[in-house]
Structures are given as structure tokens and as C-alpha cells.
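Taking it in order: structure first as C-alpha cells, then the write-up.
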Amino acid sequence: MKIVGLTGGIGSGKSTIAKWFLELGIPVYNADLEAKKLMNENEKIIAELTELFGEEVYQNGIYNRKLVSSKVFQDKELLHQLNQIVHPEVFKHFQNWVENQASDFVVKEAAILFESGSYKDCDLVVSVVADEEIRIKRVLKRDEISEEQIRQRINNQWTDTQRIEKSDFVIENNSNLEDLKIKFDQLYKKLLKRFRSS
1322 MKIVGLTGGI GSGKSTIAKW FLELGIPVYN ADLEAKKLMN ENEKIIAELT ELFGEEVYQN
1382 GIYNRKLVSS KVFQDKELLH QLNQIVHPEV FKHFQNWVEN QASDFVVKEA AILFESGSYK
1442 DCDLVVSVVA DEEIRIKRVL KRDEISEEQI RQRINNQWTD TQRIEKSDFV IENNSNLEDL
1502 KIKFDQLYKK LLKRFRSS
């Protein structure tokens, strides 16, 4: 099974691209979403996070994302420890998921595909990039978080320049949805051609 990594910073538009893959029948694994589920369900993760952050990390059995975010986005070492707990379990979960798919290829969507090292398990990587100010405006419209919080997240992720260097395909998303859709359609044709001929 061929694996396409799909990544991009907050507000880049990668989730829109993932949605279009799904609409075409391509299975998409949303690593960020699955990680959140595992943080509430996986006993190993729950025990290790409680040890790292204390009992308040789970309120009524539910992972306190706000509390953890406020701590890790100001402390790179703590963020690293959090990732060391969660990523190996997400990786195992992803491997099991892949084994149950039947398609020309699957897509692994992850905001921190490069930072987590999981890009190494992909056959190729697609990065969605956009100017920082455009991304910030999009997220301010979409999420209930401040500009300062958005900038903190951006500063904890790779830059677009770093992503571009390690990507096989790059989609620039500084315009509108119509423009993005044209670029997506072109990408999809290239991927089908590559995987069906290999």
C-alpha cells in the first residue's frame, strides 16, 4: 500500500485537500484526530500523561487539551516529552489502519508529519503552504483562539521553507478555493499516474 503524507501549517488548507481526497474515495488517516482519540482511550497514554502532567490532565476522564496546550507551547522540552508518549501509539494505530484499506494509495494527514518523523514512513509527501498572515486570518475566522496563540503554534511547527525542502509536491494556497481545487485535481492525476504505473 502506497502512503502519501499530507502536511501543512495551521491555516494552510491541508484539511480541505484531505476532504477532497476522501470525496474521491481515497482513505485518509487524520493523525491529529486519531491522536486526540487515543489520548482519551489508550490506557498506556493515559497513565504516562498523568505521570507527566499530574492528575488534572484528565477531568472526569476527559483529556484536558487546553491545560496541556498552555504548558507545552511555552516549553519545547515538555512538548517533546508529550510527543514521545503519543507518537509511537499513533504509529501503531496507523499501521493497523493501513492493513485494512484497499485503494491505489492512502493519505496520512498530519500537521507535524516532519516534526514527528513520520514522513519517513510515507512514499511521498505533499505540503500545503500559504503566507503566514493569510493563515492567521483564516484561523482567526475559524477557531476561537487569539492571534498570539496562533503565532505560538506556528513557532512550534516547521516553517514552509523547511517543509518545501523535504516535499515531493507543494501546493501553494494563497488564493481562493477554486484555485486550490484546480491544483488539487492536477496533483490527484499525477499521483494516480505514478502509483498505477509503479
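Heads up: the sequence shown at position 16 corresponds to 1337 in my numbering, and the numbers run straight through without jumps. Cβ atoms here follow ideal geometry from the backbone N, Cα and C, with glycine treated the same way. Quick caveat, the model's predicted, so the values are computed rather than measured.
Member of the options whose CA lies at the smallest distance from the CA of residue i
i, options, result
"THR1480", "ALA1432, LEU1461 and ASN1421", "ALA1432"
"VAL1427", "SER1437, HIS1408, VAL1393 and VAL1447", "VAL1447"
"LEU1403", "ILE1367, PHE1415, GLN1416 and GLN1422", "ILE1367"
"GLU1344", "ARG1517, SER1518, ASP1506 and PHE1374", "ASP1506"
"SER1439", "GLU1453, HIS1408 and ARG1456", "HIS1408"
"LYS1317", "LEU1461, GLU1493, PHE1415 and GLY1330", "Only positions 1322 to 1519 of the chain appear in this structure, which leaves residue 1317 out of reach."
"LEU1501", "GLY1330, THR1328 and GLY1334", "GLY1334"
"GLU1362", "TYR1384, GLY1346 and GLU1377", "TYR1384"
"ALA1423", "PRO1348, GLY1382, LEU1354 and GLY1326", "PRO1348"
"LEU1388", "ASN1381, GLU1377, LYS1413 and VAL1491", "GLU1377"
"VAL1325", "SER1518, ASN1495, GLU1364 and PHE1490", "PHE1490"
"ASN1494", "ILE1503, LYS1487, GLU1486 and LEU1434", "ILE1503"
"GLU1499", "ILE1406, GLN1380, ASN1417 and TRP1341", "TRP1341"
"GLU1369", "SER1391, ILE1406 and HIS1401", "ILE1406"
"ASN1417", "GLU1355, THR1328 and GLN1483", "GLU1355"
"LEU1400", "LYS1365, PHE1374, GLN1380 and ASP1425", "PHE1374"
"ARG1484", "LYS1413, SER1437 and TYR1379", "SER1437"
"LEU1513", "THR1328, LEU1461, SER1391 and GLY1346", "GLY1346"
"ARG1386", "TYR1509, MET1360, LYS1441 and GLU1364", "MET1360"
N- and C-terminal bounds of the alpha helix (DSSP H) containing residue i
i, result
"ASN1351", "Taken as a continuous stretch (DSSP letters only), ASN1351 belongs to no alpha helix (DSSP H), being part of the beta strand (DSSP E) at 1349-1351."
"GLN1528", "A query on residue 1528 cannot be resolved here, the shown segment of the chain reaching from 1322 to 1519 and no further."
"ILE1503", "1498-1518"
"LEU1343", "1335-1344"
DSSP beta-bridge partners of residue i
i, result
"GLY1375", "Partner(s): none; GLY1375 has no beta bridge."
"TYR1384", "TYR1379"
"GLY1326", "LYS1429 and VAL1446"
Range covered by the beta strand (DSSP E) that runs through residue i
i, result
"GLU1430", "1426-1430"
8 Å contact criterion, which residue i and residue j should meet: CB distance rounded
i, j, result
"ASP1464", "LYS1323", "With a Cβ gap of about 32 Å, ASP1464 and LYS1323 do not count as contacting."
"LYS1429", "TYR1350", "5 Å"
"ALA1352", "VAL1411", "6 Å"
"ILE1338", "VAL1449", "6 Å"
"GLN1473", "PHE1394", "5 Å"
"ILE1331", "ARG1456", "6 Å"
"LYS1397", "PHE1435", "In fact, because the Cβ distance is near 16 Å, the residues do not count as touching under 8 Å."
>> Extract the residue ranges of the alpha helix (DSSP H) inside the segment 1438-1494, only unbroken runs of 4 or more that lie entirely within it.
In response: 1453-1463, 1468-1476 and 1481-1487
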